[in-house]
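*Asks:*
2 protein chains.
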Amino acid sequence: MNTKALHLISYGMYVVSSRKGDRINGQTCNTLIQVSSEPPIISACINKGNLTHEYIEDSGVFSASILAQDTPLNVIGRFGFKSGRDVDKFDGVNYKLGETQAPIVLDNTLAYLEAKVIKRVDVGTHTIFIGELVASEVIGEGEPMTYAYYHLVKRGTTPKTAPSYHKD
Amino acid sequence: MNTKALHLISYGMYVVSSRKGDRINGQTCNTLIQVSSEPPIISACINKGNLTHEYIEDSGVFSASILAQDTPLNVIGRFGFKSGRDVDKFDGVNYKLGETQAPIVLDNTLAYLEAKVIKRVDVGTHTIFIGELVASEVIGEGEPMTYAYYHLVKRGTTPKTAPSYHKD
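From first to last, the protein sequence lines stand for chains W and X. Going by our numbering, the first residue of the first sequence is number 853, and it counts up by one from there. Going by our numbering, the first residue of the second sequence is number 853, and it counts up by one from there.
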């Protein structure tokens, strides 16, 4: 078994956000996909230890901002390598509350999606939140950032809490 | 709601294969992801009407070949736009049977993964098969083909049975 094979799976880069009461939080996520077409259903795989996990569990909603290729590394650092338990990640960030009242990051965002959770699947370290799409808009122009671009061009790293984290 | 937002989600391109007894089949798939790191768990979203769905349901195993960017369109056409009910998709294809006895496409493949299904999640038109990784190897060099590359550069199209199919 050579787990380097897993590194060749392709992903995008997203900020997945949610709320708990009037508290809001978000995190980078590379595992957002569409899993059904009619009606549109999306899923996102979130580490159980993350604050966003707690918020999605509580509110049953999440948003996803599809990041542009030219998103600055410090934006990804803010949402990917800090915890909402320590800092207010949305402080100084341009965002709005969506139809689900989940926050939606607007800067560096090509498009956003909002979903209501219909299923939760326990996969060990992570939960796959499966949600029916309730809102979606295109708000920017450009190429989406891929996970490969983030690693190869931006020299970005992977937090230990990501499904795709490998020690090697 | 603008479902064009969904088009900006990033995916790779894979051939996901399985078996039923000694019959084998495979199909293109863009929804393969890693969903947990320890142990490595992957998932693939497969249309309920597809023969590969029936085979994974039966055998509880699947393989995924991660396709290279220069994979010819006719390979994708063979696995993506034909049914194993009508043709033997592996006829003339270079493949091997893996540890799970699922077939693994070897040509145009950068790496492959094999998994044993541990959960099945009904998401309407599709099932998400979640599998623990039991084998994986890197067998080629190059860039993986992304779904965006397939559409933009290769001018490839999406079958109606894909989770990401849109009428528009």
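Note that beta-carbon positions come from the ideal geometry of N, C-alpha and C, so glycine has one too.
Hey, does W:Val1021 have any beta-carbon neighbour from chain X nearer than 8 Å?
*Replies:* Shown here, chain W extends from 853 to 1020; a query on residue 1021 of chain W therefore has no answer.
*Asks:* For W:Lys856, which option in X:Asp874, X:Ile918 and X:Ile861 has the closest C-alpha, if you only look at C-alpha atoms?
*Replies:* Of X:Asp874, X:Ile918 and X:Ile861, the residue nearest in Cα terms is X:Ile918.
*Asks:* What is the DSSP secondary structure of X:Leu958, reduced to helix, strand or coil?
*Replies:* Three-state DSSP puts X:Leu958 in coil, outside helix and strand.
*Asks:* Looking at the unbroken alpha helix (DSSP H) that takes in X:Arg1007, where does it start and where does it end?
*Replies:* Taken as a continuous stretch (DSSP letters only), X:Arg1007 belongs to no alpha helix (DSSP H), as it is neither H nor E.
*Asks:* Would you list the residues sitting across from W:Phe914 in a DSSP beta bridge?
*Replies:* Its beta-bridge partners are W:Ala967.
*Asks:* Using a threshold of 8 Å, state whether the C-beta atoms of X:Gln921 and X:Met853 are closer than that.
*Replies:* No. Outside cutoff.
*Asks:* For the putative contact between X:Thr979 and X:Val973, defined by C-beta atoms under 8 Å, what is the C-beta separation to the nearest angstrom?
*Replies:* X:Thr979 to X:Val973, Cβ: 7 Å. Contact.
*Asks:* Under the assumption that X:Ala967 contacts X:Val913 (Cβ atoms under 8 Å), give the Cβ distance between them as a whole number of angstroms.
*Replies:* Confirmed, about 7 Å.
*Asks:* How would you label X:His905, buried or exposed, when you count the other beta carbons within 10 angstroms and need 16 or more for buried?
*Replies:* Flag for X:His905 reads buried.
*Asks:* Do W:Ser862 and W:Tyr947 have their C-beta atoms within less than 8 Å of each other?
*Replies:* No.
*Asks:* In whole angstroms, give me the CA-to-CA distance for X:Phe933 and X:Ala916.
*Replies:* Taking the straight line joining both Cα atoms gives about 17 Å.
*Asks:* Mind checking if X:Cys897 is an interface residue toward chain W, Cβ cutoff 8 Å exclusive?
*Replies:* For X:Cys897, the answer is yes, since a Cβ of chain W falls inside 8 Å of its Cβ.
*Asks:* Taking C-beta to C-beta, are X:Thr883 and W:Val868 nearer than 8 Å?
*Replies:* No, they are not a contact pair.
*Asks:* Would you decide whether X:Arg937 is buried or exposed? Buried here means 16 or more other CB atoms lie within 10 Å of its CB.
*Replies:* Burial call: exposed.
*Asks:* In chain W, which residues lie less than 7 Å from X:Ile861 when you measure between Cβ atoms?
*Replies:* In chain order: Gly864, Leu884, Ile885, Gln886 and Ile918.
*Asks:* Could you tell me the boundaries of the beta strand (DSSP E) in which X:Gly983 lies?
*Replies:* Segment His978 to Val990, the beta strand (DSSP E) holding X:Gly983.
*Asks:* What residue range does the beta strand (DSSP E) around X:Ile893 cover?
*Replies:* Per DSSP, X:Ile893 belongs to the beta strand (DSSP E) from Ile893 to Asn899.
*Asks:* Just to make sure I have the definition right: I need the residues of chain W whose C-beta is within less than 7 Å of the C-beta of X:Lys856. Which are they?
*Replies:* Result: Val990.
*Asks:* Consult DSSP for W:Arg937 and reduce its assignment to one of helix, strand or coil.
*Replies:* The answer is coil: DSSP assigns W:Arg937 none of H, G, I, E or B.
*Asks:* Look at the alpha carbon of X:Ser1016 and the alpha carbon of X:Glu993, and state the distance between them as a whole number of angstroms.
*Replies:* Between X:Ser1016 and X:Glu993, the C-alpha separation is close to 28 Å.
*Asks:* One question on the structure: do W:Leu965 and W:Ile894 come within less than 8 Å of each other, judged by their Cβ atoms?
*Replies:* Contact flag set, yes.
*Asks:* For X:Lys968, would you say it is in contact with chain W, using Cβ-to-Cβ distances shorter than 8 Å as the test?
*Replies:* So no, X:Lys968 is outside the interface.
*Asks:* With 7 Å as the limit, tell me which residues of the segment 938-967 of chain W have their beta carbon closer than that to any beta carbon of chain X; keep them in chain order.
*Replies:* From the segment 938-967 of chain W, only Leu962, Ala963, Tyr964 and Leu965 have a Cβ closer than 7 Å to chain X.
*Asks:* Considering only DSSP beta bridges, list what W:Gly864 is partnered with.
*Replies:* According to DSSP, W:Gly864 bridges with W:Thr998.
*Asks:* Closer than 9 Å between beta carbons: that is the criterion. Which residues of the segment 901-934 of chain W meet it against chain B?
*Replies:* Here chain B cannot be found, since the structure's protein chains are W and X.
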